[in-house]
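Working notes, structure below.
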Amino acid sequence: MKNLYYLLLLFVSSIVLAQSPIPPGAKLEKVATGFQQPEGPVWKDGIGILFSDIQASIIYQWSPVDSSLKVYMHPSDSSNGLTFDLEGRLILTQMQDRRVARQEKDGSITILASTYNGKKFNSPNDVVVKSDGSIFFTDPDFNIPVGQYMEPNFFRGVFRISPFGGIQALDSTTFNKPNGICFSPDESKLYVNESPLGKIYVWDVVNDSTITNKHVFYTIPLGGYADGMKA
Numbered sequence: 018m019k020n021l022y023y024l025l026l027l028f029v030s031s032i033v034l035a036q037s038p039i040p041p042g043a044k045l046e047k048v049a050t051g052f053q054q055p056e057g058p059v060w061k062d063g064i065g066i067l068f069s070d071i072q073a074s075i076i077y078q079w080s081p082v083d084s085s086l087k088v089y090m091h092p093s094d095s096s097n098g099l100t101f102d103l104e105g106r107l108i109l110t111q112m113q114d115r116r117v118a119r120q121e122k123d124g125s126i127t128i129l130a131s132t133y134n135g136k137k138f139n140s141p142n143d144v145v146v147k148s149d150g151s152i153f154f155t156d157p158d159f160n161i162p163v164g165q166y167m168e169p170n171f172f173r174g175v176f177r178i179s180p181f182g183g184i185q186a187l188d189s190t191t192f193n194k195p196n197g198i199c200f201s202p203d204e205s206k207l208y209v210n211e212s213p214l215g216k217i218y219v220w221d222v223v224n225d226s227t228i229t230n231k232h233v234f235y236t237i238p239l240g241g242y243a244d245g246m247k248a
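Numbering-wise, the numbering used here comes out as the position in the sequence shown, counting from 1, plus 17.
See below:
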C-alpha cells in the first residue's frame, strides 16, 4: 500500500488550512507490504480498505478490525482506480481489458465502457462517481497492455458515463497523461491532474454533462506530480 502511505505523508506535510483530514496526534503506521504496484485505495464502512495491485491483477481487502489482509478479487484484470456507485457497488478501471467495469452484488462483472466511437480506450486509470450516478474517468496511454497499441487517431481524454450508459468525451484535445480525478465536495468543480507536467487542473461544472473554464489549480514544485486524488 505504498501509494496510500505517500498520500498520508503528503497530507501531513501540507497542513496549511484548519480543515485537515488527519486527526491531531495521528501517527503513520505501515499495515502491509510486499506488493508489486499498489494503487487505488478506497474505504467502505463494514469492509475496510480495498486497493489494487496492478501487476499482480489482484484487489486486496484490509480490515481495520483485526488488521487482516485477504484477496478480494483475482484476477482483477489489472484494476487501477476504485470507487463505489450510489448503490454501493464497486466501480473499477481494468487496464488489462482497457475498460471501466462494475462489480454487481452477486460478484459478477458488468462492462460499463470499453470503446468510444468504435475504438478501444487506452488504459482507463482513475474514476469518480457524481451524485447523479454518472461516472467520470481518465484514459491516459500509459499501461496499455503489452503487445497492444493506442488506436489510430484516438486521444488521451476525460470521459463521462451517464446513468443511462451513454459515453461522452469531456476533454479530447488538451491532455497528454490525465490521471487522478475528483470533484469538489459541492460538485461545482472538477479536478484532473496531468502527471508528467506536475499540474492539477480544474473546471467549472456547468451541468451534469458540461464542464468549462479549464485552468491550472496548482503546479507541484520540484518535479513532483500527483496521482490519485480525493476531496
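Every residue gets a Cβ at the ideal spot worked out from N, C-alpha and C, and that includes glycine.
Please name the residue in G105, V209, L214 and V233 whose C-alpha comes closest to that of D123. Within the sequence shown, residue 123 is the residue found at index 106, counting from 1. For D123, the nearest C-alpha among the options comes from G105.
Let me know the secondary structure DSSP gives R177 once reduced to three states. In the sequence shown, residue 177 corresponds to position 160, counting from 1. The answer is strand: DSSP assigns R177 an E or B state.
Hey, how far is the Cα of P81 from the Cα of G65? The sequence position of residue 81 within the sequence shown is 64, counting from 1. The sequence position of residue 65 within the sequence shown is 48, counting from 1. P81 and G65: Cα-Cα distance of roughly 6 Å.
Please classify S69: does DSSP put it in a helix, a strand, or coil? What you label residue 69 is simply residue 52 of the sequence shown in a count that begins at 1. Of the three classes helix, strand and coil, the one that applies to S69 here is strand, per DSSP.
Distance, Cα to Cα, S151 vs P92? Position 134 of the sequence shown holds residue 151. Position 75 of the sequence shown holds residue 92. So the alpha carbons of these two residues sit roughly 26 Å apart.
Between the CA atoms of Q165 and E211 - distance to the nearest angstrom: Position 194 of the sequence shown, counted from the start, is the residue given in the question as residue 211. Position 148 of the sequence shown, counted from the start, is the residue given in the question as residue 165. Cα to Cα, the separation comes out at about 23 Å.
Rounded to whole angstroms, how far is the Cβ of A243 from the Cβ of N196, which I believe are closer than 8 Å? To locate residue 243, count along the sequence shown from 1; it is residue 226. To locate residue 196, count along the sequence shown from 1; it is residue 179. Sure, about 7 Å apart at Cβ, within 8 Å.
With C-beta atoms as the reference, is N188 less than 7 Å away from R173? To locate residue 188, count along the sequence shown from 1; it is residue 171. To locate residue 173, count along the sequence shown from 1; it is residue 156. Per the sequence shown, residue 188 should be read as Asp rather than Asn. Not closer than 7 Å, so no.
Tell me whether A248 sits in a helix, a strand or coil according to DSSP, three-state version. Position 231 of the sequence shown, counting from 1, holds the residue named residue 248. It is coil, neither helix nor strand.
Taking the alpha-carbon positions, what's the D102 to I178 distance? For the purposes of this step, residue 102 is identified with residue 85 of the sequence shown, where counting begins at 1. For the purposes of this step, residue 178 is identified with residue 161 of the sequence shown, where counting begins at 1. Looking at the two C-alpha atoms, the distance is approximately 12 Å.
Going by DSSP, what residues sit across from V117 in a beta bridge? Residue 117 sits at position 100 when you count from the first residue of the sequence shown. Partner(s): T110 and A130.
First and last residue of the uninterrupted beta strand (DSSP E) at G291: Any question about residue 291 goes unanswered here, given that the chain covers just 18 to 248.
Reduced DSSP category for Q165 - H, G, I as helix; E, B as strand; rest coil: Translated into positions along the sequence shown, residue 165 becomes position 148. Note: Q165 maps to coil in three-state DSSP.
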